[in-house]
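Before any comments, here is the structure.
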Amino acid sequence: MKNNNVPLFPLTQPQQRIWYTELLYPNRTTSTIIAIVKITGRIDVNALKQAINKVIEQSDSFRIRLKTENGVPYQYVRDYEEKDFECIDLSKEQAEQRMLELRSIPLELLESELHRFVMVRIGDEETWINFKMHHIVSDGISMNLAVNEIMQHYSNIIRGNSSPRKDSSYIDFIQVEHDYEQSERYQKDKDYWLAKFGTMPEVISLKSYNPLTVGTDARVDRWMLDDEQHHGVKAFCKEHQISIFTFFLSALYIYMHKVTNEQDVAIGTLYANRTTKKEKETVGMFVSTVATRMLVEPEQELLSFLKNVAKEQASILRHQRYPYNKIVQDLREAHRNQDVQRLFGVSIQYRSVSLFRTDEAVMHGNQDYTGDSVNDFDIHVLDFVDDGKLFVDLYYRTQLFGEHEAKEIIRQFVCILEHMIRSPYQKISELSLISEEEQRRLITAFNDTDADYPREKTIHELFEKQAERHPDAVAVEYEDERLTYRELNERANRLARTLRNQGVGADQLVGIMAERSPSMVIGILAILKAGGAYVPIDPEYPEERIRYMLDDSGAGVLLLQAHLRDKATFAGVCLFLDDEQTYAADSASLVSVNQPNDLAYVIYTSGTTGKPKGTLIAHKNVVRLLFNSKNLFDFGSSDTWTLFHSFCFDFSVWEMYGALL
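Every letter in the sequence shown is one number past the one before it in full-length UniProt numbering, and letter 247, counting from 1, is 247.
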């Protein structure tokens, strides 16, 4: 197909995935890749501009532009024209500010250049390059490749040497992909992925939300592994003959299992999708998104699990070319009774970065983040082999996580790394989300039999004491809604009486399905005050799982918000948390009917059989945990705790009761 005698080419499958992302999130930087190259030493700026032009001339990806015909996207390649580039003189502080400004400027997608170079000189001895490309024509490997080629050309130019010709074109990949789609290998790859997702995993997340209603605004939190951690990772991988990527991927599987109680875990990752020498030397968008899936069995030995992950990755490597967007389409057809939108909410990628060196200057490169992300959070492991540094970057969506929450995720993730290195023969169930030093302090606290620990109290009795002490203090805050301890206690008392009237008593299970809100907290406290034990149900769970949990628990009453009524098929009594009739009873405190040994809640975790399993927790377990570990964390009455995890996860117990009690 041609337009004004210029050949038009279809988008490749990796490019189509970026195109769809752009349609979902237009005018954002979700599909922008940025590299900041900092060069120390005197630089000939004109020679550097020539070097950049040389790369643009030799790599057609820099000259690709996009257009649409009848709504269908096409790409074409413009002829090379020498360009000048912005070069400005700034102080270091001004340069940092300029980098921040450039970060938030998206690249136009249609009929526009899909790259941008800005150079900044900081005195005579330092030059920065802000190098930006659209993901539809580039990937992380391409960025590293292009930077190295620029510096190689620069070195040749200032020495008077000729630069070698480069015979590689991204447009050639279109034919390669077409041939693949007509091949037997394509069908085998399709069959592989259909078998891999013969049953659909839950898209596990640390937060319950509708993916289509959450913005892409994101931040990054960086952790640089210290020398002991860095050398520990490298030595561990060498000794046990696994890749660094497999090590970090395994750690993320374990982390997601630990914080969600799920065993069937799917995580997104990226594969280079470059199978030939020519492809490995070509700048362009090749990378393949893959949904990796593993069963994390708590009683499995860590090293055995790592070997299984490595084996699984080797298998995926043979089928990496099959496009992720095709997999999703295939699964929608195969699972017509399910709403297949995505296969994962969390991703990880590993990249080894090695930069070209010159005698004239020292170069340091770094991937910059753009301020947008489409996943809940992404972990980027950057291995700067020349500098001997290993970074773990956490990209997180700011509508889902606060800064404190992000730091907690990365701290817990690094704790898992440390435990893996030190204890490879542990069971997964024995790995902890806290450091060894924190563990020692916890053990000391638990073994302190003289600690001031209210052994005869239940959770709701301790809450009522706090309500007496601080009636006017804010207990719960959500958006513009606030409840004091007095208000929260009285609302919970009213609902508890309603529950008692429905026959709820000691050790009787009551389901509660609610989105994160004050009414969720009211409902939980009311169930405890009535004497029952609550069964938390995430509204995002599939209806089949919700039905199973209600049937298996034998709950006779279900608390829920009115807009969720269609989520549950329930033969028992439904009480709506947002119906004032539910709170028509008296607000005075009730006489407790519980003992510390009575049940407080039951949390369901995914089992190896595919059926969730209920874990029963008594009041005394929660009270002991909270009071014996209070000294480990410097929280006081003036601090605010964020309910970070879903109330279906054990960690939420610490977050909620740690704040209220």
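Every residue gets a Cβ at the ideal spot worked out from N, C-alpha and C, and that includes glycine.
For this session: Taking Arg455 as part of the alpha helix (DSSP H), name the residues at either end of that continuous run.
Result: Where Arg455 is concerned, there is no enclosing alpha helix (DSSP H), given that its DSSP letter is neither H nor E.
Exercise. Does the Cβ of Tyr425 have 16 or more other Cβ atoms within 10 Å, making it buried, or fewer, making it exposed?
Worked result: exposed
For this session: Determine the direct distance from the alpha carbon of Ile428 to that of Met151, and round the result to whole angstroms.
Result: 46 Å
Problem set entry | 6 Å Cβ shell around Asp372 - same chain, five flanking residues per side excluded | Arg28, Thr29, Thr30, Thr216 and Ala218
Exercise. Based on Cα-Cα distance, which residue from Arg42, Glu177, Phe647 and Phe245 lies nearest to Met520?
Worked result: Phe647
Exercise. Looking at the unbroken alpha helix (DSSP H) that takes in Pro424, where does it start and where does it end?
Worked result: Pro424 -> no alpha helix (DSSP H), and no H or E assigned at all.
Exercise. With which residues is Ser352 paired in a DSSP beta bridge?
Worked result: Asp383
For this session: Let me know the secondary structure DSSP gives Ile36 once reduced to three states.
Result: strand
Problem set entry | Straight-line Cα distance separating Leu528 from Val573 | 17 Å
For this session: Hey, could you find the ends of the beta strand (DSSP E) Phe576 is sitting in?
Result: Val573 to Phe576
Problem set entry | As assigned by DSSP and simplified to three states, the class of Asn27 | coil
Problem set entry | Collapsed DSSP secondary structure at Asp448 in the structure displayed | For Asp448, the pLDDT reaches just 49, beneath the cut-off of 50, and the residue's location in the model is therefore unreliable, although a value from the coordinates is still provided. Here Asp448 sits in coil by DSSP.
For this session: May I ask you to report which of helix, strand or coil DSSP gives Ala568?
Result: coil
Problem set entry | Host alpha helix (DSSP H) of Gly140 (start-end) | Gly140 to Arg159
For this session: Confirm, please, whether the CB-CB distance from Lys196 to Gln58 is below 7 Å.
Result: no
Exercise. Grouping DSSP H, G and I as helix and E and B as strand, with all else coil, what is Glu86?
Worked result: strand
Problem set entry | Residue nearest to His240 in terms of C-alpha spacing, selected from Glu228, Glu301, Lys307 and Phe286 | Lys307
Exercise. Should Leu302 be labelled buried (16 or more other beta-carbon atoms within 10 Å of its own) or exposed?
Worked result: buried
For this session: From the DSSP output, in three-state form, read off Gln50 for me.
Result: helix
For this session: Check Asn501 in the structure and name its three-state DSSP category.
Result: helix
Exercise. Whose CA, out of Ile43, Gln595 and Val593, lies closest to the CA of Gly123?
Worked result: Ile43
Exercise. Taking DSSP as the reference, what is the three-state secondary structure of Pro298?
Worked result: coil
Exercise. Where Met224 and Val414 are concerned, what is the direct C-alpha to C-alpha distance, given to the nearest angstrom?
Worked result: 10 Å
For this session: May I have the straight-line CA-CA distance separating Asp376 from Tyr396, to the nearest angstrom?
Result: 6 Å
Exercise. Hey, which unbroken runs of the beta strand (DSSP E) at 3 residues or more fall wholly within the stretch 490-550?
Worked result: 509-513 and 533-537
Exercise. Who does Gln367 pair with in a DSSP beta bridge?
Worked result: Ala35
For this session: Specify the secondary structure class of Thr615 as computed by DSSP and reduced to three states.
Result: strand
Problem set entry | Status (buried if at least 16 other CB within 10 Å, exposed otherwise) for Asp634 | Only weak support exists for where Asp634 lies, its pLDDT of 47 falling under 50; the value from the coordinates is given anyway. Counting Cβ neighbours within 10 Å, Asp634 comes out exposed, since fewer than 16 surround it.
For this session: Can you tell me which of Ile379, Tyr485 and Trp193 puts its alpha carbon nearest to the alpha carbon of Pro323?
Result: Trp193
For this session: For Tyr20, count neighbouring C-beta atoms within 10 Å of its own C-beta (all shown protein chains included) and say buried if the count is 16 or more, exposed if not.
Result: exposed
Exercise. Which two residues bound the contiguous beta strand (DSSP E) that contains Leu331?
Worked result: Note, Leu331: premise wrong, no beta strand (DSSP E); alpha helix (DSSP H) at Tyr324 to Ala334.
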